[in-house]
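To keep things clear, I will list the structure first and then write my remarks on it.
Residue numbers (this note's numbering), protein chains in the order written: chain A, 1 to 66; chain B, 1001 to 1392.
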C-alpha cells in the first residue's frame, strides 16, 4: 500500500472526530438555547469559540498529516 | 541590440513552446498526445493557491497550439550578490519550470514553481537532480511586489482612505454619510461585541484599534479572494503567521503580574504540580495559541479556494460524461452555492481571529482586584453583586 492511502485514512479519522465534536457542541448549544432563549447571544459566542478551537485542532492535525 | 532582444524573445517563445509540449508529453498525456484534463486542473489549482510574480487572469491554448496568457506582469525586486536587481516578471514569459533564463546585472535568473533562482557561475541552463531540485542554482532574497503584496498594499490603501474618511466625518456630524454608513455598524460591532466583553471595560480601548485593523484586514482580503482576480492572501502561511505573531507579541507584552504568576507558578496548586503546569501554560501561550490562530485561517481559506476551483473544474472534467450543458450547469449551481457559503466563511474567519485575539489579550490583562471572600472552609462566599447578577 502506498503511504498516500494512510494519509487519507488519517484525514478521514480526523474528520470523523471533528464532526462528532462539532455535532456535540452544536447540539448542546441548541438544547441550551431551547431551555433559555434569552441567553442565546452568550451561548452562541461560547459555541463559536469552542467550535473554533476544535477546528484549529482538526486543521492542525490535517496540516501535519499532509 | 534590438535584433538581439528580438531573437532572444523568439528563442524564449520557441523554448517555452517546446518545453511545454515536452512537459505535457512527459507528464500529462495518456499516450495519444492528449492533454490530461485532471492533471492540468490540479496544476492550475495548486498554482493558484501559491503566490505568484504576475497576474494571470486566464490562459488557453489556441488552435495553432500556442499558449496564450491574459494578465499583467508585476515588478521583480531581488537583492543579489551584485546588489539590487529589478525587472518585470513578463521577462520570464510565464515560464515556471526554470527554462527561461533572464540575464540582468551580470547574473542569470530562472523561475521554478514561483520561486526565483540565481544560476551559479557560468552555467547557462539549470540542471535538475532526480527529485527535480536545481543543482546549479540557489534561491535569492526576493522582495518582489508579488500578487499577495499587491493585495496587502491595496487593502492598506483602501482601509486608510475609508477609515480616515469615516473618522473625519465625525468632526462635523454625528451620523456618517456615504460608505461610512456601511463601516460604522461593523466598527461598533467589533468594539461592543468583541473587544469590550472579552477584554473588559477597563482596558478594551487600548486594544480596539488593533482588533479593528485585524478584523477588517482579514475580512476584506477574504472577500477579495472570492473575486476573479485570484488573490489568495489570507491563504498564505506567511501572512497568517505574521498576524498570529502580532497577536502573540501584543498579549505577551501586555500581560500583567497576575498573568505571569498564573503561567509560571500557579497559585492554589500543590507545589509539585506547579512546574508541570508552567510547562503546559508556556507551551499554550507561546506555541499552541499562535499556531492555532495561523493554521485555522490559512487552512480555512485555502480549503475554500480549492473547493470553489474544483467545483468550477467540474465543467472540464465531466464534459465527456455529462455533455457541455450538463457539466456547465452542475458546475455553476455547485460553485454558486459554495461561493455563498464562502462569503459567510470569510466573515466568520475574520470574526473568530479577532474574537480569539481579544480573548487572549483579555486573559493577559485580566485583573484580580475583585477577589472573593472565602469562608473558613475555603469555599467562596458570593458577594451581593454576583448574587444579584444571577437573578437578572
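Note that the Cβ used here is the ideal one computed from N, Cα and C, for glycine as well. All figures in this text were calculated on a predicted structure; none of them were measured in a lab.
Shorter than 8 Å from the beta carbon of residue i to some beta carbon of chain B?
i	result
residue 10/A	no
residue 55/A	yes
residue 62/A	yes
residue 20/A	no
residue 48/A	yes
residue 29/A	no
residue 39/A	no
residue 52/A	yes
residue 17/A	no
If I follow the unbroken beta strand (DSSP E) through residue i, where does it start and stop?
i	result
residue 1117/B	1115–1119
residue 1109/B	1107–1112
residue 1139/B	1137–1139
Sort the options by Cα distance to residue i and report the nearest one.
i	options	result
residue 1115/B	1366/B, 1104/B, 1275/B and 1077/B	1077/B
residue 1111/B	1246/B, 1142/B, 1121/B and 1081/B	1142/B
residue 1074/B	1088/B, 1042/B and 1068/B	1088/B
residue 1360/B	53/A, 57/A and 31/A	53/A
residue 1224/B	1155/B, 1140/B and 1109/B	1155/B
residue 1308/B	1337/B, 1288/B and 1192/B	1337/B
residue 1146/B	1086/B, 1315/B, 1317/B and 1310/B	1086/B
residue 1095/B	1160/B, 1067/B and 1062/B	1067/B
residue 1261/B	1305/B, 1364/B, 1244/B and 1159/B	1364/B
residue 1232/B	1306/B, 1117/B and 1288/B	1306/B
residue 1220/B	1062/B, 1343/B and 1052/B	1343/B
residue 1107/B	1288/B, 1247/B and 1121/B	1121/B
Who are residue i's beta bridge partners in DSSP?
i	result
residue 1076/B	1087/B
residue 1142/B	1078/B
residue 1069/B	1059/B
residue 1104/B	1107/B
residue 1134/B	1128/B
residue 1097/B	1112/B
residue 1054/B	1073/B
Take the Cβ of residue i as the centre, count every other Cβ of all protein chains shown within 10 Å, and call the residue buried at 16 or more, exposed below.
i	result
residue 1176/B	buried
residue 1072/B	exposed
residue 1091/B	buried
residue 55/A	buried
residue 1031/B	The pLDDT assigned to residue 1031/B is 43, lower than 50, so where the model puts this residue is not dependable, and the model offers no usable value.
residue 28/A	exposed
residue 1235/B	buried
residue 1222/B	buried
residue 1172/B	exposed
residue 1026/B	Confidence at residue 1026/B is low in this model, with a pLDDT of 36, below 50, so its placement is unreliable and the value that follows should be read with caution. With fewer than 16 other Cβ atoms within 10 Å, it is exposed.
residue 1293/B	buried
residue 1164/B	exposed
residue 1179/B	exposed
Of all Cβ atoms in chain A, is any one closer than 8 Å to the Cβ of residue i?
i	result
residue 1295/B	yes
residue 1359/B	yes
residue 1409/B	Shown here, chain B extends from 1001 to 1392; a query on residue 1409/B therefore has no answer.
residue 1355/B	yes
residue 1338/B	no
residue 1352/B	yes
residue 959/B	This structure cannot speak to residue 959/B, because chain B is shown only from 1001 to 1392.
residue 1299/B	yes
May I ask which residues mark the beginning and end of the alpha helix (DSSP H) holding residue i?
i	result
residue 1323/B	1319–1365
residue 1037/B	1037–1049
residue 1172/B	Looking at the DSSP string, residue 1172/B is not in any alpha helix (DSSP H), and its letter there is neither H nor E.
residue 1188/B	1180–1189
residue 1219/B	1204–1224
residue 1241/B	1237–1253
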